[in-house]
Amino acid sequence: MKRRNLFALPLGLSALAACASVNTEQTTTLVGVVETVDPTSREVLIRGSAGAQSGRLLTMIAGRAVQRLNQVRPGDRVTVTYYQAIAAQAVRPLSSAATPFAGMSIAREADRPGGEVTRVRSGRMTITAVDAATSTVSFTGPAGLNRTVTATNPQVQAFIGQLRVGEQVDMVYEEALAISIEPMR
């Protein structure tokens with residue numbers, strides 16, 4: 000059984016063409032206006048496109064790292080940034096290389112309403128299905144958790160095309176979510 004290492008840093012999967020290492024990252028930013036806030040459920044409804052009436056509505060659950068939620072009011076301008084990156088590297092078959100990072104979670108105090116959370120997850124995955132035509136891979140991770148991922152990055156698509164059912168992949172995936180809220184003006 001082949002084993003490959005996937006190293007993921009700070010939102011996806013990277014590809015290995017010819018067993019080289021690859022890095023990819025993506026940042027998505029939404030600027031919008033708060034429509035409603037439910038402090039009990041911590042649900043915030045945001046209208047995208049900087050609050051334009053044609054803007055798409057997005058519901059977010061503000062995690063415990065989002066501080067001072069009670070100060071957020073309808074009409075407040077918000078910026079939500081989501082960052083993810085992945086680096087992948089193939090390892091020799093039957094390599095006993097250890098998983099590179101341990102999981103961690105970080106949150107810090109904020110002067111304004113908002114917050115930032117960075118999460119790192121790692122573990123050995125077993126590939127259960129590969130569809131190279133749609134760039135989709137399914138795998139079972141630690142604790143038997145099943146996931147299916149569809150790649151949009153060409154490097155990741157190439158990597159997925161090389162995977163085979165039964166292979167094991169060591170993966171570390173980091174994602175960061177930052178929310179900042181400006182008072183209504």
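In numbering that gives the first Met the number 0, the protein residues as written are 0 to 184.
Note that the Cβ used here is the ideal one computed from N, Cα and C, for glycine as well.
Apply the 10 Å Cβ neighbour rule to A61 and answer buried if 16 or more other Cβ atoms are within range, or exposed otherwise. Buried, because 16 or more other Cβ atoms sit within 10 Å of the Cβ of A61.
Starting from the N-terminal side, write out each stretch of the alpha helix (DSSP H) that is 4 residues or longer and does not extend beyond the region 137-176. Annotation: the region 137-176 contains the following complete segments of the alpha helix (DSSP H) (minimum length 4 residues), in chain order: 153-161.
Quick check: the Cα distance between G47 and T78, rounded to an integer number of angstroms? Separation of G47 and T78 (C-alpha to C-alpha, rounded to the nearest whole angstrom) is 10 angstroms.
Grab me the residues of T139's own chain with a C-beta within less than 6 angstroms of its C-beta, minus the 5 sequence neighbours each way, in chain order. Within the same chain, T139 has close Cβ partners T125, T127, N145.
Rounding to the nearest angstrom, what Cα-Cα distance links T39 and N69 in this structure? Between T39 and N69, the C-alpha separation is close to 10 angstroms.
Do I159 and A132 have their CB atoms nearer than 8 angstroms? No, Cβ-Cβ distance for I159 and A132 is not below 8 angstroms.
Mark L56 as exposed unless 16 or more other C-beta atoms lie within 10 angstroms of its C-beta, in which case mark it buried. The residue is exposed, with fewer than 16 neighbouring Cβ atoms inside 10 Å.
Could you give the distance in angstroms between the alpha-carbon of T80 and the alpha-carbon of G31? One C-alpha to the other measures close to 11 angstroms.
Thinking C-beta only, is T147 closer than 8 angstroms to S137? Annotated as proximal: S137 and T147, with beta-carbon spacing under 8 angstroms.
Between P153 and S134, what straight-line distance do the alpha-carbon atoms span, to the nearest angstrom? When rounded, the distance between both Cα atoms is 9 angstroms.
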